[in-house]
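When we follow the numbering used here, the leftmost residue of the sequence shown carries the number 45, and every step to the right adds one.
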Amino acid sequence: MRLLQVNFTVDQIRAIMDKKSNIRNMSVIAHVDHGKSTLTDSLVSKAGIIASARAGETRFTDTRKDEQERCITIKSTAISMYYELTENDMAFIKQCKDGSGFLINLIDSPGHVDFSSEVTAALRVTDGALVVVDCVSGVCVQTETVLRQAIAERIKPVLMMNKMDRALLELQLAPEELYQTFQRIVENVNVIISTYGEDENGPMGNIMIDPVIGTVGFGSGLHGWAFTLKQFAEMYVAKFAAKGEGQLSPSERCKKVEDMMKKLWGDSRILPASSSFTHAPLEPKIYSRENPDAFRKSQNRSMNRDASIYCPTFLYSRTILMMGRYVEPIEDVPCGNIVGLVGVDQFLVKTGTITTFEHAHNMRVMKFSVSPVVRVAVEAKNPADLPKLVEGLKRLAKSDPMVQCIIEESGEHIIAGAGELHLEICLKDLEEDHACIPLKKSDPVVSYRETVSAESDQMCLSKSPNKHNRLYMKARPFPDGLAEDIDKGDVTSRQELKTRARYLADKYEWEVTEARKIWCFGPDGTGPNLLMDVTKGVQYLNEIKDSVVAGFQWATKEGVLCEENLRAVRFDVHDVTLHTDAIHRGGGQIIPTARRVLYACQITAEPRLMEPVYLVEIQCPEQVVGGIYGVLNRKRGHVFEESQVMGTPMFIVKAFLPVNESFGFTADLRSNPGGQAFPQCVFDHWQILQGDPQDPASKPFQIVAETRKRKGLKEGIPALDNFLDKL
């Protein structure tokens, strides 16, 4: 199959923008170093934007200097390309179409796990995902992560098996071995889709990939060729139909092609796969969701530079077309396209819904697959530059979907990121682009969570400041798995009451009557802690509910040990004694009382610290596996799986590694086993740190002491007497 190469202008792109059925918005997603940017280069060269001879080495969508130097993608980059398809390929596209010209709005996203938030942002504005897999390395840990993100955003995937040249020239695989490799990759991808996908009868339908229907491509982005099964099928049909005494009947011809398809390794270019099996941008209204602030997909009307946006009545200065390293001014952009808006950053904190409709609803915020668990403190070397630092932190927060910029009560400025590399890039951007001042940076530290390991050993009572109101509560830990269900969205505050109660009763054996009386989730109304009402026949309870909930949100956001977030704790309201006069049980009386009794519950329920844990996937030759075990053991790591990559001398070692021990892990790994080990770390779960934080000889005690000192809190965990009252 051939694409008709064209050198197009912005005017041509603007003309085809009106043909909604011929627009495809695609994200390119993959594990790090699987060839996304190189493949994108090949597609860009086929569109006539760069010379074919330089495709693969130009890295046209790597727009930053540090991206070129490190040879990794850091920021998602959009580019619009115009292609014309041949008549044969047009017949293969079943969806509605308007002519042979197609506009492909492609977003090349990062593969490194630290920049997963950029992948989420790219997926939010696109309708299809091109999942790139190195056919030698196979499906890796980040492949699963980005595919899970795509399915969560209800994006239809098509698969591209890249680096076939390596399989043929380096490994010199026989046809049968190559077929088995391809089959294994397709199976692994479909396992991920079936695990995280919806029912076939849902709004997305069947999204399983299959080479027979053309949703799998094969090729080499570096050398600029690719195919699917379609062309090989056409070639064999022509060959077998031309031989023999008579013409094959349609059924015989289909049988011949079907038999051969089972063993063939493919044929066709990536563009027809994306055009044929991803939908036009106006089709998915049922399940299309919100937009990020870096790009915007115009959904319902044209965007032009004179349009007013409600915020309340601001104008953005101009609309631009994203073209990789360059931007092109464009007068207006019809709905269904991806557009850049200049001048909206002054109205947005991080992401937002931009609309011209006065009564529009805000779209749901993005849910990231990683957490900002690594923190660093920054301060200006020259105290006079503090205003520039504050302004720079505001700009940094807007420029990165994931990074958190926090000011502690002590006045310390904290930047939280997903990992070491993410923090390094954020600090570089802050120093060179946003604040433009020299900075002093602390060593990176890890975010912890506070939890409990047993039920409170006594009923906790706190009295209001006026002594007229009393709250009686207890705390207990969650059953295993519930906090993760809340994180995944299987249990939420927005669920129908009876459905949620039945789920908790069936899976965690809770009493249905209790499960129906969840007051709220916390912190922030969505976190993995619960406030439950287990009272019986209490007067005026609903009148103080909002005040108790406010105290709960406060206490779960700043725990008693070191003011870190709480996790996996259930607080039960057992009884309350309230003054009959409403003026004596207002928020000023109840909120601090609720916070005090919640802290007392936490202290009496064997408090513990939780630390974040990475899932580490390490690729290495067999002879260095022993050295990897040694490095992991020194850093409290735990290996749980070791397997060989079929057809190669490479092994994959999977392990859990505490984030606190991950600093310098890559350097240690590459120095010990001779530089032949390649790790990839992705946040996996939280685990309880062994030891009692109230025992001076334990590691948690040291961490709590260091954290309290860093935050400017009083030395030592507050005593129970500060929160517990007596009758």
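Ideal placement from N, C-alpha and C gives every residue a C-beta, glycine not left out.
Under the assumption that residue i contacts residue j (Cβ atoms under 8 Å), give the Cβ distance between them as a whole number of angstroms.
i    : j    : result
S497 : P521 : 6 Å
D171 : I199 : 7 Å
P204 : V175 : Note on residue identity: the sequence assigns Met, not Pro, to residue 204. The Cβ separation is near 7 Å, so the contact holds.
R611 : A527 : 6 Å
L757 : A644 : Incorrect: roughly 18 Å between the Cβ atoms, too far for contact.
V791 : C470 : Nothing can be reported for residue 791: it is not among the residues displayed for the chain, which extend from 45 to 771.
I151 : M125 : Not confirmed; about 12 Å, so no contact.
D110 : I123 : Their Cβ separation, rounded to whole angstroms, is 20 Å, which puts D110 and I123 out of contact at 8 Å.
V668 : C725 : At roughly 18 Å, the Cβ-Cβ gap does not stay under 8 Å, so V668 and C725 are not in contact.
W563 : K589 : 6 Å
S506 : T637 : 5 Å
S144 : V72  : Contact flag wrong, Cβ pair sits at about 24 Å.
C480 : K442 : So it is not a contact: roughly 16 Å between Cβ atoms.
Residues bridged to residue i by DSSP?
i    : result
P521 : V613
K484 : E423
A122 : I151
V202 : L174
Q731 : E655
V447 : In DSSP, V447 forms no bridge with anything.
H457 : V422 and I451
E685 : K698
E162 : DSSP lists no partner for E162.
F596 : Answer is none; F596 lacks a bridge partner.
N69  : N149
Tell me whether residue i sits in a helix, a strand or coil according to DSSP, three-state version.
i    : result
I662 : strand
S144 : coil
F276 : helix
F722 : strand
H78  : coil
T621 : strand
G641 : Sequence check: residue 641 is Val here, not Gly. Helix, per DSSP.
D577 : strand
A798 : Since the first residue shown for the chain is 45 and the last is 771, residue 798 is missing from the structure and cannot be characterised.
M208 : helix
V414 : coil
K511 : coil
V260 : strand
E180 : A quick correction: the sequence has Val, not Glu, at residue 180. In the structure shown, V180 sits in coil (DSSP, three-state: anything other than H, G, I, E or B).
L217 : coil
R680 : coil
F767 : coil
Let's test the definition: count the other Cβ atoms within 10 Å of the Cβ of residue i and tell me whether it reaches 16, buried, or not, exposed.
i    : result
M690 : exposed
P572 : buried
G603 : buried
G310 : In this prediction, G310 scores a pLDDT of 38, lower than 50, which makes its location untrustworthy; no coordinate-derived value is stated.
R629 : buried
Y370 : exposed
G79  : buried
S238 : exposed
P740 : exposed
I627 : exposed
N335 : Here N335 scores only 37 on pLDDT, less than 50, and its place in the model should not be relied on; the value that follows carries that caveat. Burial call: buried.
Q112 : exposed
V235 : exposed
R640 : buried
A711 : exposed
V386 : exposed
M576 : buried
S835 : Residue 835 is absent from the structure shown; the chain starts at 45 and stops at 771.
G265 : buried
E162 : buried
V169 : buried
V815 : An answer regarding residue 815 cannot be provided, because it is not within the stretch 45 to 771 covered by the chain.
I451 : exposed
P509 : exposed
N344 : Here N344 scores only 49 on pLDDT, less than 50, and its place in the model is too uncertain to base an answer on.
Check whether the Cβ of residue i lies closer than 7 Å to any Cβ atom in chain D.
i    : result
Q186 : Here there is only one protein chain, and chain D is not present.
Counting pairs of Cβ atoms below 8 Å between the stretch 402 to 410 and the stretch 452 to 460, do you hit three or more? Cβ pair count under 8 Å is below three, so no.
Does the stretch 649 to 656 come into contact with the stretch 486 to 493, if we say contact requires no fewer than three beta-carbon pairs (one atom in each stretch) closer than 8 Å? Cβ pair count under 8 Å is three or more, so yes.
Touch check for the stretch 531 to 542 and the stretch 501 to 515: three-plus C-beta pairs under 8 Å? With the rule of 3 Cβ pairs closer than 8 Å, the stretch 531 to 542 does not count as touching the stretch 501 to 515.
At least 3 beta-carbon pairs within less than 8 Å: the stretch 692 to 712 vs the stretch 670 to 684: Yes, the stretch 692 to 712 touches the stretch 670 to 684.
Decide if the stretch 219 to 232 is in contact with the stretch 176 to 184; the criterion is three or more beta carbon pairs, one per stretch, under 8 Å apart. Verdict: yes, contact present.
The stretch 135 to 144 in contact with the stretch 59 to 72 per 3-pair CB rule at 8 Å: These segments touch.
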